[in-house]
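A.B. asks: Before I ask anything, let me first share the structure, which is written out below as structure tokens.
Number of protein chains: 2
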Amino acid sequence: MATVPKVSQEYSDARRRQILDGARRAFAHHGYEGATVVRLEESVGLSRGAIFSYFGSKWNLFYALAEEDQHRVAELWLEEGFTAVLRWVLDQRPEWIGVYLEVHRQLRTNQSLREQWMRRSPDVNERLRAHVREQQERGELRDDLSPDDIGRFLGLIIDGLVLNASVGAEYDLEALLKLIVAAIGPQ
Amino acid sequence: MATVPKVSQEYSDARRRQILDGARRAFAHHGYEGATVVRLEESVGLSRGAIFSYFGSKWNLFYALAEEDQHRVAELWLEEGFTAVLRWVLDQRPEWIGVYLEVHRQLRTNQSLREQWMRRSPDVNERLRAHVREQQERGELRDDLSPDDIGRFLGLIIDGLVLNASVGAEYDLEALLKLIVAAIGPQ
Numbered sequence: 001m002a003t004v005p006k007v008s009q010e011y012s013d014a015r016r017r018q019i020l021d022g023a024r025r026a027f028a029h030h031g032y033e034g035a036t037v038v039r040l041e042e043s044v045g046l047s048r049g050a051i052f053s054y055f056g057s058k059w060n061l062f063y064a065l066a067e068e069d070q071h072r073v074a075e076l077w078l079e080e081g082f083t084a085v086l087r088w089v090l091d092q093r094p095e096w097i098g099v100y101l102e103v104h105r106q107l108r109t110n111q112s113l114r115e116q117w118m119r120r121s122p123d124v125n126e127r128l129r130a131h132v133r134e135q136q137e138r139g140e141l142r143d144d145l146s147p148d149d150i151g152r153f154l155g156l157i158i159d160g161l162v163l164n165a166s167v168g169a170e171y172d173l174e175a176l177l178k179l180i181v182a183a184i185g186p187q
Numbered sequence: 188m189a190t191v192p193k194v195s196q197e198y199s200d201a202r203r204r205q206i207l208d209g210a211r212r213a214f215a216h217h218g219y220e221g222a223t224v225v226r227l228e229e230s231v232g233l234s235r236g237a238i239f240s241y242f243g244s245k246w247n248l249f250y251a252l253a254e255e256d257q258h259r260v261a262e263l264w265l266e267e268g269f270t271a272v273l274r275w276v277l278d279q280r281p282e283w284i285g286v287y288l289e290v291h292r293q294l295r296t297n298q299s300l301r302e303q304w305m306r307r308s309p310d311v312n313e314r315l316r317a318h319v320r321e322q323q324e325r326g327e328l329r330d331d332l333s334p335d336d337i338g339r340f341l342g343l344i345i346d347g348l349v350l351n352a353s354v355g356a357e358y359d360l361e362a363l364l365k366l367i368v369a370a371i372g373p374q
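From first to last, the protein sequence lines are chains A and B. Note that the working numbering has the first sequence beginning at 1, numbered continuously upward. Note that the working numbering has the second sequence beginning at 188, numbered continuously upward.
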């Protein structure tokens, strides 16, 4: 009986990486809708068969990129503070940020996608919540509001910056940081 | 020589109103792209000839609605305060808010539209700037930042709420208002 050749984990990881990087370029360049299968193939350098054997669908591919971003943002937040997160958002290419807005529209009209999206990365959210709670206990953040209230506020600011960044508007961080510190710092 | 019959100002204002209201419904229901000429005709109850004799193009029609919103928001801000603005955003139908996101994507890829958009309503912006300056002089707002810094911050929060509202996410205003007051109030 013939055995199915098994690719090494290393090979498989490298292919995954190649697909994600290529897809990110294709989405940033053509938008989510505009990134057709042919364009994804060109940008990734692999056939549709290979791409979709790793990620199942175009949506899953985008979702994996969004999860990567979310983990990156959470790590920055935990390790370097919220300022690093703001800088990261401002450093992104407007084209890539714009893909999030495009996808937002799909979330708005597709209930099951939206539920999947809202439930993503509960572990990351729990770590951020614990981080805010610790900062409150150390007296670095105001403690008359819940960690969720503070987290939602910072999330709102990130969303606002995303909307600005998507049209290439520049933003001076210095004044913004003063305002944020006054908002969430000890009162 | 025949004279062209002249419609009264009153008639003309009523038609303009009818077109704007119908177009708003059509955009909210079908999105900007999805609001075809046929759907605009149905929703407005007038022919394309009548509609475009008042507004020239679909973009101009949307632009007029966006200007209406901006004037409404500015009036609320000047007369009832920023809290009223936040409530207004949260009261909008997610479908209508979503149209702004759709249009944002067009602004991103079309330089001349973007420039027109950025320059819109300079008079309104000047009135808001003067309003913030007066509040700073009365000691109601911090005065170590410029009115533009404070205005941009509040604009960022509105943009963040817009992004949230477009997917129908609910937002509790109470904690948000405490955070905003701490951010922009006297330090």
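Ideal Cβ placement from N, Cα and C applies to all residues, glycine included.
The alpha helix (DSSP H) with B/A222 in it runs from where to where?
C.D. replies: B/A222 -> no alpha helix (DSSP H), and no H or E assigned at all.
A.B. asks: Closer than 8 Å by C-beta to B/L364: which residues in its own chain qualify, once you throw out the five before and the five after it? Chain order, please.
C.D. replies: So the list reads T270 and L273, once near-sequence residues are dropped.
A.B. asks: When we look at the beta-carbon of B/S230 and count the other beta-carbons within 10 Å, is it buried (16 or more) or exposed?
C.D. replies: Per the 10 Å Cβ criterion, buried.
A.B. asks: Would you call the CB atoms of A/V167 and B/L294 closer than 7 Å?
C.D. replies: Taking 7 Å as the Cβ cut-off, A/V167 and B/L294 qualify as a contacting pair.
A.B. asks: Measure the CB-CB distance between A/D55 and A/L61 and report whether it falls below 7 Å.
C.D. replies: Contrary to the premise, residue 55 of chain A reads as Phe rather than Asp in this sequence. Going by C-beta atoms, A/F55 is nearer than 7 Å to A/L61.
A.B. asks: For B/V354, go through chain A and note every residue whose CB falls closer than 8 Å to its CB, in chain order.
C.D. replies: Ordered by position in chain A, the residues that pass the 8 Å Cβ test against B/V354 are H104, L107, R108 and R114.
A.B. asks: Given B/Q257, which residues of its chain have a CB within under 8 Å of its CB, disregarding the five upstream and five downstream residues?
C.D. replies: Excluding positions up to five away in sequence, the list reads R307, S308 and V311.
A.B. asks: List the whole-angstrom C-beta distance separating B/E289 from B/A215, where the pair is believed to meet the contact cut-off of C-beta under 8 Å.
C.D. replies: Not really, about 11 Å apart at Cβ, beyond 8 Å.
A.B. asks: Please look up how many angstroms separate the CB atoms of A/R129 and A/G151, rounded, as I've assumed it's under 8 Å.
C.D. replies: About 7 Å; that satisfies the 8 Å criterion.
A.B. asks: Under the three-state reduction of DSSP, which class applies to A/A130: helix, strand or coil?
C.D. replies: In the structure shown, A/A130 sits in a helix (DSSP, three-state: H, G or I).
A.B. asks: Compare the beta carbon distance of A/Q187 and A/R142 with 7 Å and say whether it is the shorter of the two.
C.D. replies: Yes; because the gap between Cβ atoms is below 7 Å, this pair is in contact.
A.B. asks: For A/G160, return the contacting residues in chain B, with the cut-off set at a CB-CB distance below 7 Å.
C.D. replies: By Cβ distance, chain B contributes L343, I344, D346 and G347.
A.B. asks: So with CB distances below 7 Å, who are the chain A contacts of B/N247?
C.D. replies: None at all; the shortest Cβ gap to chain A is about 20 Å.
A.B. asks: Go ahead and label B/L360 buried or exposed: buried means 16 or more other beta carbons lie within 10 angstroms of its beta carbon, across all protein chains shown.
C.D. replies: Exposed is the call here.
A.B. asks: Report yes if the CB atom of B/R320 is closer than 7 Å to the CB atom of B/P334, and no otherwise.
C.D. replies: It is a contact, given that the beta carbons lie within the stated cut-off.
A.B. asks: Could you give the residue range of the alpha helix (DSSP H) that holds A/P186?
C.D. replies: Segment: none, A/P186 is in no alpha helix (DSSP H) and carries neither H nor E.
A.B. asks: Taking only three categories from DSSP, how would you classify B/E327?
C.D. replies: Looking at B/E327 - three-state DSSP - the assignment turns out to be coil, as it is neither helix nor strand.
A.B. asks: Which of the three DSSP states, helix, strand or coil, is assigned to B/S240?
C.D. replies: Helix.
A.B. asks: Alpha carbon to alpha carbon, how far is A/I184 from B/D331?
C.D. replies: Looking at the two C-alpha atoms, the distance is approximately 18 Å.
A.B. asks: Does the CB of A/D189 have a neighbour CB from chain B at under 7 Å?
C.D. replies: Missing from the structure shown is residue 189 of chain A; chain A here goes from 1 to 187 and no further.
A.B. asks: Comparing alpha-carbon positions, which option in B/R301, B/E327, B/Q323 and B/Y198 lies nearest A/N164?
C.D. replies: With distances taken between Cα atoms, A/N164 lies closest to B/R301.
A.B. asks: Determine the burial state of A/R25: buried for a count of at least 16 other Cβ atoms within 10 Å of its Cβ, exposed for fewer.
C.D. replies: Under this definition A/R25 is a buried residue.
A.B. asks: Buried or exposed: B/D200, going by 16 or more other Cβ atoms within 10 Å of its Cβ?
C.D. replies: Answer is exposed; the Cβ neighbour count stays below 16.
A.B. asks: Report all residues from its chain with a CB closer than 8 Å to the CB of B/Q205; omit the five preceding and five following residues, and keep chain order.
C.D. replies: For B/Q205, where only same-chain residues beyond five positions count, the Cβ hits under 8 Å are V231, G232 and L233.
A.B. asks: Determine the DSSP secondary structure at A/S112, reduced to helix, strand or coil.
C.D. replies: If DSSP states are grouped into helix, strand and coil, A/S112 belongs with the helices.
A.B. asks: Once the 5 residues before and after B/G218 are set aside, which same chain residues still bring their CB inside 6 Å of it?
C.D. replies: Same-chain partners within the cutoff: E289.
A.B. asks: Among A/Y171, A/A182 and A/D149, which residue has its Cα nearest to the Cα of B/A362?
C.D. replies: Looking at the Cα atoms, A/D149 is the closest of the given residues.
A.B. asks: Let me check understanding here. Comparing Cα to Cα, which of A/I180, A/H104 and A/L90 lies closest to A/L161?
C.D. replies: Residue A/L90 is the option with its Cα nearest to A/L161.
A.B. asks: Can you pull the chain A neighbours of B/Q374, defined as C-beta to C-beta under 8 Å?
C.D. replies: Chain A residues near B/Q374: A182.
A.B. asks: B/L288 touches chain A at which residues, Cβ-Cβ below 7 Å?
C.D. replies: Near B/L288 (Cβ distances below 7 Å), the residues of chain A are L101, H104 and R105.
A.B. asks: I need the straight-line Cα distance from B/M305 to A/I97, nearest angstrom please.
C.D. replies: Straight-line Cα distance between these residues: approximately 19 Å.
A.B. asks: Applying a beta-carbon distance threshold of less than 9 Å, which residues of chain B neighbour A/P122?
C.D. replies: Here the premise fails: no neighbours, minimum Cβ distance about 17 Å.
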